[in-house]
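Inspection log for the structure reproduced underneath, given as structure tokens.
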Amino acid sequence: MPLSIAIDGPAASGKSTLAKALAKKYGFIYVDTGALYRTVGLHVQNLCLSSQDKEGIIEALPEIHIEMRLQDGRGEVYLNGRPVGDEIRTPVCSLYASDVSKLPEVRAFLLSLQRDIAAKNNVVMDGRDIGTVILPNADVKLFMSAAVAERAKRRWKEWTEKGVTMTYEEALEELSRRDENDQNRTVAPAVPAPDALPLDNTGLTAEETVAAADRLIRDRLGDRLRQAATCL
Ligand code: DC
Numbered sequence: 000m001p002l003s004i005a006i007d008g009p010a011a012s013g014k015s016t017l018a019k020a021l022a023k024k025y026g027f028i029y030v031d032t033g034a035l036y037r038t039v040g041l042h043v044q045n046l047c048l049s050s051q052d053k054e055g056i057i058e059a060l061p062e063i064h065i066e067m068r069l070q071d072g073r074g075e076v077y078l079n080g081r082p083v084g085d086e087i088r089t090p091v092c093s094l095y096a097s098d099v100s101k102l103p104e105v106r107a108f109l110l111s112l113q114r115d116i117a118a119k120n121n122v123v124m125d126g127r128d129i130g131t132v133i134l135p136n137a138d139v140k141l142f143m144s145a146a147v148a149e150r151a152k153r154r155w156k157e158w159t160e161k162g163v164t165m166t167y168e169e170a171l172e173e174l175s176r177r178d179e180n181d182q183n184r185t186v187a188p189a190v191p192a193p194d195a196l197p198l199d200n201t202g203l204t205a206e207e208t209v210a211a212a213d214r215l216i217r218d219r220l221g222d223r224l225r226q227a228a229t230c231l
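When you number the sequence shown by numbering that gives the first Met the number 0, it's gap-free, plus one each residue, and the end is 231.
What follows is the structure, encoded as structure tokens:
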């Protein structure tokens, strides 16, 4: 049975940085499930539908074909046969992703894709509901958090470096809206699984966060990790 490490938590809590680093360290596949919701959001945005247009979004699902192809140790997302790139990372697409992810139809649409990849590969999978819904039997579940002011600062820095014009207050507003959406939706809210290990990385560097997570994972998995990991 392949090993699975689930990493959940709010936006900009450092999930993807941690998940990528752990996947590289252990030789596991990195699966960014947010990219799947972002891809649905992008398609909806390209159709010029409002992110609140529930019926329109559900009607569009049959024409959306999303795949994850394994490339360079990660699942790369393809939308209708084409690889998706940074166009899913814009602030507008983030809100589309958060809005479409509230719909049970969208979540059901993306469920088997996520489970299939974990059934066949050792994975580090990040998202909001990996430990609660997608992989309830994951071998390790981490739930990350960080103070919202620090998360907003990280997000603002990331976007500014990419050349997006945005103030710190706008980054804070966008994150707060997504937190509200993601934590309070009725289906698969972004909450810790009862058996998730909390990891608050406020004030920690990326390296310190990896070291803290690595300790938790080794404690939990012991020899099973040494046997599965190709890079230890
Ligand atoms: O992780 P991210 O910021 O790229 O995710 C974008 C949005 O997708 C997020 O606001 C909520 C949604 N999402 C989700 O509902 N469930 C997941 N497993 C991953 C992301």
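Backbone N, C-alpha and C define an ideal beta-carbon position, used for all residues, glycine too. Bear in mind that the values here come from a model prediction, so they are computed numbers and not experimental data.
Shown here, Gln44 sits in a helix according to DSSP, grouped into three states. With the rule of 3 Cβ pairs closer than 8 Å, the stretch 102-115 does not count as touching the stretch 84-94. Counting only residues of its own chain and dropping the five nearest sequence neighbours on each side, Glu207 has a CB closer than 8 Å to the CB of Asn200.
Residue nearest to Glu172 within the set Gln70, Ala151, Ser50 and Ala20 is Ala151 (criterion: CA-CA distance). When secondary structure is reduced to three states using DSSP, Asp138 falls in the coil class, being assigned neither helix nor strand. Look at the beta carbons and you see the stretch 164-183 not touching the stretch 209-227: under three pairs across the two are nearer than 8 Å.
Cα atoms of Gly13 and Ile6: separation of roughly 10 Å, rounded to the nearest angstrom. Taking Arg73 as the centre and dropping the five residues before and after it, the same chain places the C-beta of Tyr29 closer than 6 Å to its C-beta, in chain order.
Arg114 and Leu196 have their alpha carbons spaced roughly 21 Å apart. With fewer than 16 other beta carbons inside 10 angstroms of its own, Lys156 counts as exposed. Under the three-state reduction of DSSP, Ser144 is assigned to strand. A buried status is given to Gly8, since no fewer than 16 other beta-carbon atoms sit within 10 Å of its beta-carbon.
With a cut-off of 7 Å, the C-beta of Thr32 is classified as near ligand 1, since at least one heavy atom of the ligand falls inside that distance. Taking 8 Å as the cut-off, the Cβ atoms of Asp194 and Lys140 count as close. For Ala10, the shortest separation between its Cβ and any heavy atom of ligand 1 lies below 7 Å.
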